[in-house]
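So the structure is just underneath, and the comments pick up after that.
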Amino acid sequence: MRERVILTGLGVLSAAGDDVASSLATFQGGTRPVTQAGKLAGLEAQFPLFAVTRDLPAVDRTYHLAVQAARQALSDAHLEQVPKGFRLGVCVGTTVACQLNDIPFYRMYRETGQPPLEPVHRFIAGSLAERLAEALQAQGPVMTVVNACSSGTDAAGVAVSWLRADLCDAVIVGGADELSKIPSSGFYSLSVKSPALCKPFDRDRQGLNLGEGAGIAIFEKEASARQRGVHSVIEVSGFGAAADGHHLTAPHPEGLGIEQAIRFALADAGITPELIDFVNAHGTATRENDRIEGNALARVFGSSVRVVSTKGYTGHTLGAAGGIELVFTALALREGWISPNIGFENQDPEIPFSPLQKITPVSKNYALSTSLAFGGNNAAVILCRRKGDA
Amino acid sequence: MIVTGVGVVGAGGAGLENVKVLLQSATPPQPKPISAREALPVLQVPAEVFKHPLLSPVRRADRFSKMSLLAALEAWQGRTADPARVGIILASACGPHATVFKFVNDLLEFGESQSSPTVFSQSVHAAAASMIATAIKSHGPVLNVADLRFPFETALELADAWLKEGRCDVVLVGATEECSEVYVHAVSRLWGDRFIPGEGAFFFCCEREGKGPGVRVQHMPLARATCTLENNLSLGNVAGCVQNQSWVNYSGSLRIGGAFLLAVAELLRRGERFEGVCGGASEGPVQIVSRCGDAQRVIVVE
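From first to last, the protein sequence lines are chains A and B.
Read left to right, the first sequence gives residues 803 to 1192 (the working numbering).
Read left to right, the second sequence gives residues 1065 to 1366 (the working numbering).
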């Protein structure tokens, strides 16, 4: 019989809140936490940004975001002290922290040929996952996933595979990314940034807003959690990933990759689409993503599908998005209510549904979180609210 | 799992056969400076490799993607498989950093309003594997890994897990690293001329165990093996990035050196012998030991 994977800890930092409790309060309040952090990361203030408000160092910010969220999750999982012999893995996604992309360093290299090597030392000190493993004394497998905007969700898939293969007992899993000028300029060059606040799935959406944050969960073998005396109401039921094999930046025009990923996840969970209560969609608020993802969701679940994009609260946090949205999906199942899709006003005639516009009770036990990314990567993870194990 | 196809792009050119010829000749390729600006000799992939006919559909792609694609296509060998059940994993330490710096350069030179969406798209780690998926028409999972210690070994271990789990029937797993001016500059400032930076792409088509030799990854070495290929890596300022000297002359120093050595191991398994390089390997398992600090990973080929 296949190893059951449960979720024993959650940690999150984003513009929506510095932890689980403050994020839930933001959702209940139904207001946008947008910040015009013009000076942050050298970014122009002409586009809205969703920055974490907690005071964190600007240098190595992704690492600090990840450590904060991971410590929250480990505390939630009663793993502040990792037991001797406990095989704790680390699998996290990122985009910014996987590149030696320090602009002042490169400017100095261009101009003087002798840049200070401090950014290089920071880079070779280890990848995001390697540094987290060292800081948190995790002795299991370590991997940094760099699948662009689906990195966090793909990391969840890796963690599930590791646990099923008995490579470890538990995994610190999720994603982290900071606001950075390089992806900001890249998305500007692709003309997908919105000058206004983002409006996921809305008819008049103009594009995405960038954000930063970290979302970390602890995935654990059920047997391991039982042995530690830790209970969980959330099970990681299924995962699926599929490549469009179509284009470097644009998703497949009919969303075949994301549909395939969702169907893989449903098959992995052993459930039919009717059992899914809601979808925490990628929903970036770009014209193409929302139309393509929305139609793929409607094909799998029907036009009455209940959908929310939480990017109206966090902005698009790139490599962190999958991790943050995994945490938000788990929270909705755990708390029994789904946050509204903030920013939505008018239904798009090209999308067969309207997303949820008010706090909505969870009525079934399964929920899906989806991610689409550059390179045509698509990933989907299904969580389940378990009965009688609270 | 078993390896059913190998693809190599390295300092000796493109193709596993070239690795064999190079090692049999026992004459390493000559390292050369990457540019007039950086004097440290490096082992780069020869320029003619990038004119390979298989690369004409992606002629605008960057070096990182082209190396990856060419090695992946050799390993793939045009096989047929259910596209939804083919996985791709690409591991790297530094990823397509030359393209990242090209984007940064354009940003400094021309400003944000003139930055190129094409260059930005190719600077993303996921670009190369995406091109591979498009080229072989696969629609299964694609994963990109960026770690400094054991990126290839961890990727290989995950490929094994995907096959055992039944997620895929075939996994094309590989590793790619490129040299750039900035990279060479940093290396020479940190470690002087203590090692030769290298670049290359190494891919392996992996399938579930059946009849034939297996490949597995262990976190500790086997007690007994008839041949050990060493890939010693150290991070930080301690000892630089150093491989066993006999190999580094052929591949250059690579954080993904384990992938190059797996290609060598595959040649040894097929009965090839490289007396002038690693002595006379005899029959039996080959273990590839990668070390970094006090950690190590062992790829066992038997």
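Where is the CB? At the ideal position from N, CA and C, for every residue including glycine.
Model, not experiment: these values are computed from the prediction.
Which value, in whole angstroms, describes the spacing of the CA atoms of A/Gln941 and A/Lys1001?
-> Within the first sequence, residue 941 of chain A is the residue found at index 139, counting from 1. Within the first sequence, residue 1001 of chain A is the residue found at index 199, counting from 1. Rounded to whole angstroms, A/Gln941 to A/Lys1001 spans 42 Å at the Cα level.
Spell out a yes or no on whether the region 1025 to 1039 of chain A and the region 807 to 820 of chain A are touching, meaning 3 or more CB-CB pairs, one atom from each, closer than 8 Å.
-> Counting C-beta pairs closer than 8 Å gives three or more between the region 1025 to 1039 of chain A and the region 807 to 820 of chain A, which meets the contact rule.
Give the range of the alpha helix (DSSP H) segment to which A/Glu1022 is assigned.
-> Residue mapping note: residue 1022 of chain A aligns to position 220 of the first sequence, counting from 1. From DSSP, A/Glu1022 is part of no alpha helix (DSSP H) but of the beta strand (DSSP E) over 1015 to 1023.
Helix, strand or coil for B/Ser1156 per DSSP?
-> Indexing the second sequence from 1 puts residue 1156 of chain B at position 92. When secondary structure is reduced to three states using DSSP, B/Ser1156 falls in the strand class.
Put B/Val1353 into one of helix, strand or coil per three-state DSSP.
-> The residue labelled residue 1353 of chain B in the question sits at position 289 within the second sequence. Looking at B/Val1353 - three-state DSSP - the assignment turns out to be strand.
Within 10 angstroms of the Cβ of B/Thr1163, are there 16 or more other Cβ atoms? Answer buried if so, exposed if not.
-> Counting from 1 along the second sequence, the entry for residue 1163 of chain B is found at position 99. Buried: at least 16 other Cβ atoms inside 10 Å.
Note down, in chain order, every chain A residue with its Cβ under 7 Å from the Cβ of B/Asp1211.
-> Mapped onto the second sequence, residue 1211 of chain B falls at position 147. The CB of B/Asp1211 comes closer than 7 Å to the CB of Ser929, Ala931, Glu932, Val944, Met945, Thr946 in chain A, given here in chain order.
Using the C-alpha atoms, what's the distance from A/Ala1122 back to B/Gln1351?
-> Here residue 1351 of chain B corresponds to residue number 287 of the second sequence, with the count starting at 1. Here residue 1122 of chain A corresponds to residue number 320 of the first sequence, with the count starting at 1. Taking the CA atoms as reference points, B/Gln1351 sits about 37 Å from A/Ala1122.
Residues that A/Met945 bridges to, as DSSP identifies them | Residue numbering aside, residue 945 of chain A sits at position 143 when the first sequence is read from its first letter. Answer is A/Cys893, bridged to A/Met945.
Going by the CB atoms, is the gap between A/Phe829 and A/Gly1117 shorter than 8 Å?
-> Here residue 1117 of chain A refers to the residue found at position 315 of the first sequence. Here residue 829 of chain A refers to the residue found at position 27 of the first sequence. A/Phe829 is positioned such that its CB atom lies no closer than 8 Å to that of A/Gly1117.
What does A/Trp964 touch in chain B if you count any residue whose Cβ is under 9 Å from its own?
-> Counting from one through the first sequence, the residue named residue 964 of chain A turns up at place 162. Within 9 Å Cβ-Cβ: Glu1221, Leu1222, Ala1225.
So, is the C-beta of B/Lys1096 closer than 8 Å to a C-beta in chain A?
-> On the second sequence, position 32 is the one that residue 1096 of chain B refers to. No, its Cβ sits nowhere closer than 8 Å to a Cβ of chain A.
Candidates B/Gln1178, B/Glu1330, B/Leu1154: closest to B/Gly1278 by CA position = Position 214 of the second sequence, counted from the start, is the residue given in the question as residue 1278 of chain B. Of the candidates B/Gln1178, B/Glu1330, B/Leu1154, the one whose C-alpha sits nearest the C-alpha of B/Gly1278 is B/Glu1330.
Tell me which same chain residues have a C-beta within less than 6 Å of the C-beta of B/Leu1017, skipping the five on either side of it?
-> Coverage of chain B is limited to positions 1065 through 1366, which leaves residue 1017 of chain B absent and any answer about it impossible.
Verify whether the separation of the beta carbon atoms of B/Ile1196 and B/Ala1136 is less than 8 Å.
-> Taking the first residue of the second sequence as position 1, residue 1196 of chain B is located at position 132. Taking the first residue of the second sequence as position 1, residue 1136 of chain B is located at position 72. Yes. Within cutoff.
What in chain A is Cβ-close to B/Phe1216, meaning under 9 Å?
-> Stepping through the second sequence from its first residue, residue 1216 of chain B is reached at position 152. Neighbourhood of B/Phe1216 in chain A, by CB distance below 9 Å: empty, with the nearest CB roughly 11 Å away.
Can you tell me the Cα-Cα spacing of B/Ala1219 and B/Ile1066, whole angstroms?
-> Residue mapping note: residue 1219 of chain B aligns to position 155 of the second sequence, counting from 1. Residue mapping note: residue 1066 of chain B aligns to position 2 of the second sequence, counting from 1. Roughly 15 Å separates the two Cα atoms.
6 Å Cβ shell around B/Trp1226 - same chain, five flanking residues per side excluded | Walking along the second sequence from the start, residue 1226 of chain B turns up at place 162. Gly1151, Cys1232, Val1235, listed in sequence order.
Leaving aside the five residues before and after A/Ala1071 along the sequence, list all residues of the same chain whose C-beta is less than 6 Å from its C-beta, in chain order.
-> Locating residue 1071 of chain A in the first sequence gives position 269, where the first residue counts as 1. Only residues of its own chain outside the window of five on either side were considered, and among them Ser1039, Gly1040, Ile1184 have a CB closer than 6 Å to the CB of A/Ala1071, listed in chain order.
Show which residues of chain A have a CB atom less than 9 Å away from the CB atom of B/His1161.
-> Here the question's residue 1161 of chain B lines up with position 97 in the second sequence. Using a Cβ-Cβ cut-off of 9 Å, B/His1161 is close to Gln901, Leu902, Asn903 of chain A, given in chain order.
Any idea what DSSP makes of A/Cys970, helix, strand or coil?
-> Residue mapping note: residue 970 of chain A aligns to position 168 of the first sequence, counting from 1. Coil at A/Cys970, not helix or strand.
How far does the beta strand (DSSP E) with A/Ser1039 in it reach, from first residue to last?
-> Taking the first residue of the first sequence as position 1, residue 1039 of chain A is located at position 237. Element bounds for A/Ser1039: 1036 to 1045.
Which residues, in order along the region 1179 to 1210 of chain B, keep a beta-carbon less than 7 Å from a beta-carbon of chain A?
-> Cβ contacts with chain A come from Ser1179, Ser1180, Pro1181, Phe1184, Ser1185, Val1188, His1189, Ala1190, Ala1191, Ala1193, Ser1194, Ala1197, Thr1198, Lys1201, Ser1202, His1203, Gly1204, Pro1205, Val1206, Leu1207, Asn1208, Val1209, Ala1210.
Using a beta-carbon distance below 8 Å, is A/Ile808 in contact with chain B?
-> Sequence index remark: in the first sequence, residue 808 of chain A carries index 6 (1-based). It does not: the Cβ of A/Ile808 has no partner Cβ on chain B nearer than 8 Å.
Excluding the five sequence neighbours on either side, which residues of its own chain have a C-beta within less than 6 Å of the C-beta of B/Val1209, listed in chain order?
-> Looking up residue 1209 of chain B in the second sequence gives position 145. Hits under 6 Å: Ala1155, Pro1215, Ala1219.
Does the beta carbon of B/Arg1258 sit closer than 8 Å to a beta carbon anywhere in chain A?
-> If you number the second sequence from 1, residue 1258 of chain B lands on position 194. Contact of B/Arg1258 with chain A is not assigned, every C-beta pair being separated by 8 Å or more.
Which same chain residues, not among the five before or five after A/Pro921, have their C-beta less than 7 Å away from its C-beta?
-> Locating residue 921 of chain A in the first sequence gives position 119, counting from the first residue. Result list for A/Pro921: Leu902, Asp904, Phe907, in chain order.
For A/Thr946 versus A/Thr896, is the C-beta distance shorter than 8 Å?
-> The residue given as residue 946 of chain A occupies position 144 in the first sequence. The residue given as residue 896 of chain A occupies position 94 in the first sequence. By the CB criterion at 8 Å, A/Thr946 and A/Thr896 fall inside the cutoff.
What are the boundary residues of the alpha helix (DSSP H) that includes A/Thr914?
-> As a first step, residue 914 of chain A is located in the first sequence; it is residue number 112 there, counting from the start. A/Thr914 -> alpha helix (DSSP H) spans 905 to 914.
Give the interface partners of A/Leu1202 over in chain B, defined as CB-CB distance under 7 Å, in chain order.
-> Because chain A here runs from 803 to 1192, residue 1202 of chain A falls outside it and cannot be looked at.
Neighbour list for B/Phe1165 in chain A, Cβ cutoff strictly below 7 Å = Translated into the one-based positions of the second sequence, residue 1165 of chain B becomes position 101. Contact note: B/Phe1165 reaches chain A through Tyr908, using a C-beta cutoff of 7 Å and chain order.
Output yes if chain A places a C-beta closer than 8 Å to the C-beta of B/Ala1327; else output no.
-> Taking the first residue of the second sequence as 1, we reach residue 1327 of chain B at position 263. B/Ala1327 does not count as touching chain A.
B/Phe1268 and B/Val1246 look like a contact to me (Cβ under 8 Å); what is the Cβ gap, rounded to whole Å?
-> For this step, residue 1268 of chain B is matched to residue 204 along the second sequence. For this step, residue 1246 of chain B is matched to residue 182 along the second sequence. With 8 Å as the limit, B/Phe1268 and B/Val1246 do not qualify as a contact, their Cβ atoms being about 29 Å apart.
With DSSP run on the structure shown, which of helix, strand or coil describes A/Phe849?
-> One-based indexing of the first sequence puts residue 849 of chain A at position 47. Here A/Phe849 sits in coil by DSSP.
CA-CA distance, B/Val1365 and B/Leu1222?
-> Against the second sequence, residue 1365 of chain B aligns to sequence position 301. Against the second sequence, residue 1222 of chain B aligns to sequence position 158. Distance between B/Val1365 and B/Leu1222, taken at the CA atoms: about 16 Å.
Listing by chain order, which chain B residues have their CB less than 7 Å from the CB of A/Tyr911?
-> Locating residue 911 of chain A in the first sequence gives position 109, counting from the first residue. Correct list: Val1246, His1249.
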